[in-house]
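If you read the sequence shown in the working numbering, its first letter stands for residue 225, the second for the next number, and so on.
Below: one structure, written as structure tokens.
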Amino acid sequence: KVEEGHKIARAAAVIGTATFISRVLGFIRDMVVAKGFGATSAADTFYVAYRIPNLLREMFAEGSISAAFIPVFTEYLTKRSKEEAVRLANASFTIILVILSGISILGIVFTPAIVRLIAPGFGSDPEKAYLTILLTRIMFPFLLFVGIAAQAMGILNSLKSFFSPAMAPAMFNVVIIASTLVISPMLDRPILGVAIGVLLGGLVQFLYQVPSMRRNGFAPGLIFDPFHPGVKRIALLILPVMFGLSVSQINLLINTILASYLPEGSVSYLYYGMRLIQFPLGMFGVAIATAILPTMSAQVARGELGEMRETLSFGMRLVLFITLPAIAGLIFFRVPIIHLLFQHGEFSYKATLGTATALLYYSLGLWAFAGVRIAVPAFYSMQDTATPVKVAVISLIVNIALNILLIRPLGHGGLALASSVSSSLNLLLLLWILRGKIGRIDGRKIARSTIKALAASVVIVLVGIIISQNGVWELEGSWGYKAILLGSGMGISIAGYIFIHTLLKTDELVFLFDLIRKRRQHK
């Protein structure tokens, strides 16, 4: 069990490192776009247009394809020959290619109707509506490219090859940065260059993984076999998975619809706020979840339910150990972080404050956004896709109700808060149901870890308050001083967090230190 935990932690470390590189490049991408377009009408149209293929990506591609494909493919790797696994991979690749091509074509044709549905508030501005439609049509084929990239990622993760698929999104960000800097200035509508970058970036994200697939003996190939037993099982899993995993994206889509009625910049504030949330979420929450799913799937395939339960509990404790201090940091350092990263060019101090409001309320749900990434795959590893759908529907209804209640008093902040509360409910319900399905999930251990993490996060709160109260964040310039001030504050916070956990002898910290020690001995 300990060795399995070490394998998961090592895999999560590899994924986390690659994701860190990707997220840093993602921030550079957002800084480049923010400097060029700020929180203006053009930026709002892009983020609304990008929301559509991004939602479909989560529903049809990275979320559902990975979650439905990995358990079936892992079973083939565990119980059958490599030739059968290769045939399943190629048959599913072909079906994904055909289906997503069809969806992309339909999406391009019906873009005007989709835009009217997702951003009804733009209808009063014909120019804004036209530009949103144009941007959406350019980016729609991104769904196809990211879909086949997700299947490649699923194959490599099942083979316990994590670095290449985790680095692929970094290539996506590099292409968008280059497109924004090189293509945008050449166009009459510069924002179109960013959309072109999204399209090309999706293609590069797939192509980057092909060499690794070839080395592992799973080069992409075309086999049209829609009635392949494995393909049919994936198809049965994918529809409920599609909705179950994409509930957060659907919540964000609802936020976008309502935000289109709010003052200019509201859509951008929500986008930038969620981007900051996605940094720790992607680095740690998604990294741990990605490492855990193949392990849980293999344990279930071997009938090792007890080991699967230990893996789930371990993943939840590790997620809380990392996300709770991240919540404290994002809340109490929010203005300095946004100011330093985004307040350049067209991005004003007003935009900083608007984004800070969104970040505050989104941060409250970070632990749940990450925890759902662990809990939902636990159901999928047992090939139970119905339960997450039922829970997701409840969460979605709660989110809509809270949006209506909170949008008037809190504006775009109310929309972010609604997402956090509904996601928290989603996670708690999933864990409660899991406890009934597999017995104990070490709830007392999880509770003890949570209390210790909250206690250790006090130092982050105190340092964050001191740093944020410095008046320098209301002024322009002095970027070097500001970077040192924020960096030193965050460094002290992290050191204090680790020190308190050392005094408390927290299991997760001891485990991570032990893992680092063993890696050094191995070298």
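Don't be surprised by glycine CBs; every beta carbon is placed ideally from N, CA and C.
Query                                                                                                     : Result
Nearest-angstrom Cβ-Cβ length linking Ala525 and Thr360, presumed shorter than 8 Å                        : 41 Å between Cβ atoms; not a contact.
Separation of Phe317 from Lys225, as counted between CA atoms                                             : Unreliable placement is indicated for Lys225, whose pLDDT of 48 sits below 50; no coordinate value is reported for it.
Continuous alpha helix (DSSP H) stretch holding Asn381: start and end                                     : 366-382
Given Gly635 as reference, the closest of Leu424, Gly489, Ser647 once Cα atoms are compared               : Gly489
Rounded Cβ spacing between Leu639 and Ile631 (contact assumed at less than 8 Å)                           : 6 Å
Helix, strand or coil at Pro450 [DSSP, three-state]                                                       : coil
Sequence-distant residues of its chain with Cβ nearer than 7 Å to Gly497 (five each side left out)        : Thr579, Ala582, Leu583, Tyr586, Ala640
Any non-hydrogen atom of the ligand FMN within 6 Å of Ile621 CB                                           : No copy of the ligand FMN appears in this structure; indeed no ligand is present at all.
Close beta carbons around Phe369, own chain, < 8 Å, minus the five adjacent residues each side            : Leu423, Gly426, Leu427, Gln429, Phe430
Where the alpha helix (DSSP H) containing Arg632 begins and where it ends                                 : 610-634
Classification of Ser648 by the beta-carbon crowding that lies within 10 angstroms, buried from 16 upward : buried
Within-7 Å CB hit, Leu686 to chain B                                                                      : This model lacks chain B altogether, as it is built from one protein chain only.
Ala394 and Ile245 closer than 7 Å at C-beta                                                               : yes
Nearest residue (CA-CA) to Arg253, options Ser385, Ile401, Phe270, Gln523                                 : Ile401
Meets three-Cβ-pair contact criterion under 8 Å: the segment 533-542 and the segment 614-627              : no
Coil, strand or helix - Val226 by DSSP                                                                    : Note on Val226: pLDDT 48, under 50, position unreliable in the model; the coordinate value appears next. The answer is helix: DSSP assigns Val226 an H, G or I state.
Three or more C-beta pairs below 8 Å linking the segment 477-492 and the segment 268-275                  : yes
Proximal residues to Ala594 (C-beta, below 6 Å), its chain only, five neighbours per side dropped         : Leu505, Gly509, Val543, Thr547
Exposure of Arg541, with buried meaning 16 or more beta-carbon neighbours within 10 Å                     : buried
DSSP state of Thr730 mapped onto helix, strand, coil                                                      : coil
Three-state class that DSSP yields for Ile342 in the structure shown                                      : helix
Boundaries (first-last residue) of the alpha helix (DSSP H) holding Tyr493                                : 490-504
Ile420 vs Ser403 beta-carbon contact at 7 Å                                                               : yes
CB of Val339 within 7 Å of CB of Thr356, strictly                                                         : yes
For Arg253, three-class secondary structure by DSSP                                                       : helix
Residues near His746 in its chain [Cβ-Cβ closer than 8 Å; skip 5 each side]                               : The pLDDT assigned to His746 is 48, lower than 50, so where the model puts this residue is not dependable; a value taken from the coordinates is nonetheless given after this. Answer for His746: no residue qualifies.
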